[in-house]
Every structure is written in C-alpha cells, then in structure tokens.
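**Student:** Read in order, the letters of the sequence shown correspond to residues 377 to 543 in our numbering.
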Amino acid sequence: MVDVISSPSVLVRRGRVEELDQLEEVYRQAYRGLEEYADTTTFRIRNYLNWLYSGEPEGFFVAEVAGQVVGFVSIHAQWWDKRLGETGEIHEICVHPQWKGKGVGRQLIEAAIAYARERGRRYVSLWVGERNWHARRWYRSLGFEECGVQLGEWVRMIKPLEEAHDQ
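1. DSSP has residue 454 in a bridge; who is on the other side?
2. If we call anything under 8 Å between Cβ atoms a contact, is residue 425 one with residue 396?
3. Kindly indicate which three-state DSSP category residue 467 falls into: helix, strand or coil?
4. Restricting to Cα atoms, I'd like to know which of 464, 484 and 473 is closest to residue 403.
5. Counting only the same chain and skipping the five closest in sequence on each side, list residues whose C-beta sits under 6 Å from that of residue 506.
6. Hey, how far is the Cα of residue 437 from the Cα of residue 390?
7. Taking the C-alpha atoms as reference points, what is the distance between residue 479 and residue 398?
8. Near residue 512, which residues of its chain fall below 6 Å by C-beta distance, leaving aside the five closest residues on each side in sequence?
9. Distance, Cα to Cα, residue 442 vs residue 385?
10. Below 8 Å on the Cβ atoms is my guess for residue 466 versus residue 445; work out the distance and round it to an integer in Å.
11. Is the beta carbon of residue 492 sitting closer than 8 Å to the one on residue 453?
12. If you draw a straight line from the alpha carbon of residue 497 to that of residue 520, how long is it in whole angstroms?
13. Per DSSP, residue 390 forms a beta bridge with which residues?
14. Rounded to the nearest angstrom, what separates residue 420 and residue 482 at their Cα positions?
15. Measure from the alpha carbon of residue 448 to the alpha carbon of each residue in 405, 516 and 463, then state which is nearest.
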C-alpha cells in the first residue's frame, strides 16, 4: 500500500485536509503564466482543492521538503471513462516552481500511479492544457500518450498500466 515514498530530500505522503490552505499558494505559483487553465480567485481555488481532496482522500498526496509542502497530486482511482472503463484519473498535479526539475513531480506521479495500480486499474488518465507544451512533453516522457481526444482547450492523455492487478 502506498503511504510514503521518499528520496533523500523529498517526502511524498498522503495529504491532510488541514493542509489544503497551504496548497493554495503552491497551486497559484504552479499556474503562473498558465492562468488560462487555472482557477484564479481564492474562493474557487479553495473549493477546487476541497473537491480534489474530498473526492478521494486516499489518492491525495503531497511532497514535503524540510517540513514544507512544495507540491501535490490528486488521483481518483474509480473514475469512469467511457472508452477505458474505470481508470485512475489524475485531476491535478502542482509543484512549486522552485522545486520543478528536481524530481518532485516525478515522485508525485509515481505515487499516483502506484495508488491506481494497487486498486487494479489498467490505465491512468488525465487532461492537460493544449498550449501547455512543457507538461505535454513531460507526460509523454513518463509514458503517457495523447489519444486523439480533445475537449475544448484540454487534451486527453492515457498511460497503460500493464502490471495492474486486482487485490
């Protein structure tokens, strides 16, 4: 069971509801320059973070460095996709810009994928902004594929999990 994943400087663990207020700033900073894809008011950001957490608290992971939360990922492992069936849907991943390129995002994604795999999912899926070229390249480098589905400004990406199994 995924409870904690850590490297020498980064601890990835399940998030706690009382940390959601701290994550507002991580969210704002992560979307700097990409505001077209983000909620921008405090009210909407807090509602969104609450929705992410309350939808599946066990699938909400944070990355912590020296006691400070620097990133998070939210995955709902019982999401329904009409083409895939049940999938592990990554709704959000945010890393504070000071920690981008240091493996934090990769560790968060690995925690989300492990969580989906533990629940027997055959796929992990997500939507990414069509002009967020950096994220699209990054997801491809992690084995996600664009599947030709687009909803407005959002592009669908899927990662098959060959080793998924029921528990």
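Each residue gets a CB set at the ideal place from its N, CA and C atoms; glycine is no exception.
**Tutor:** Let's see:
1. DSSP, once it has assigned bridges, lists no residue as partnering residue 454.
2. One thing to note: residue 425 has its Cβ within 8 Å of the Cβ of residue 396.
3. Judged by DSSP in its simplified three-state form, residue 467 adopts strand.
4. If we check each option's Cα against that of residue 403, 473 comes out closest.
5. 529 and 531
6. 4 Å
7. 21 Å
8. Excluding sequence neighbours, residue 512 sits near 504.
9. 7 Å
10. The pair is not a contact, with the Cβ atoms about 18 Å apart (cut-off 8 Å).
11. yes
12. 15 Å
13. 437
14. 27 Å
15. Ranking the options by Cα distance to residue 448, first place goes to 405.
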